[in-house]
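Residues -18 to 105 (the working numbering) make up the sequence shown, in order.
Don't be surprised by glycine CBs; every beta carbon is placed ideally from N, CA and C.
Just so you know, these numbers come straight off a predicted model, no measurement behind them.
Remarks on the structure that follows.
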Amino acid sequence: MTKKEQARTALKQQYVDDLTPLLDTTTDAQRKCVLRILIDKIAYLTVYLEELQKDTLKTGVVVKYDNGGGQTGLRIHPAAQVYTQYSKTLNAALKQLQSFLPADTSTPDALTDFLGTHTVTKKK
-18 MTKKEQARTA LKQQYVDDLT PLLDTTTDAQ RKCVLRILID KIAYLTVYLE
32 ELQKDTLKTG VVVKYDNGGG QTGLRIHPAA QVYTQYSKTL NAALKQLQSF
82 LPADTSTPDA LTDFLGTHTV TKKK
């Protein structure tokens, strides 16, 4: 295994370790199995999204091409295309993960706080 592969694997494992406590939110064996799959998928996608982001920051999202025979121009960087697809997949996986988590209604989020303090009353 190359150093780059080792670094990816270690980072993925770090994300898995960070998300593993979410397994304690359920006692159902089937739900835990699905959560493990989601955690692994989210960790994998996160590692590669970070790598692709670094690559496109360095090289840009548009690259020149030359197909020969006088066909040249600009096209979207392949890494940007993969980034877009992985980002959509990660968002879908995070939504799935969220549906497994218990709803914590005891602590309002920032949006709820904002709406609670900035309500507009209608005049009659």
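In this structure, the straight-line span from the alpha carbon of residue 56 to that of residue 23 is close to 29 Å.
Pairing residue 17 with residue 81 gives a Cβ-Cβ distance that is not under 8 Å. When rounded, the separation of the alpha-carbon atoms in residue 74 and residue -17 is 28 Å. The C-beta distance from residue 67 to residue 26 rounds to 5 Å, short enough to fall under 8 Å.
A Cβ-Cβ distance of about 21 Å is found for the pair residue 78 and residue 33, leaving them out of contact under the 8 Å criterion.
Secondary structure note for residue 63: it is in no beta strand (DSSP E), and the uninterrupted alpha helix (DSSP H) holding it is 59 to 81.
Considering only 43, 10, 15 and -5, the residue with the shortest C-alpha distance to residue 62 is 43. By the C-beta density criterion, residue -12 is exposed, having fewer than 16 other C-beta atoms within 10 angstroms.
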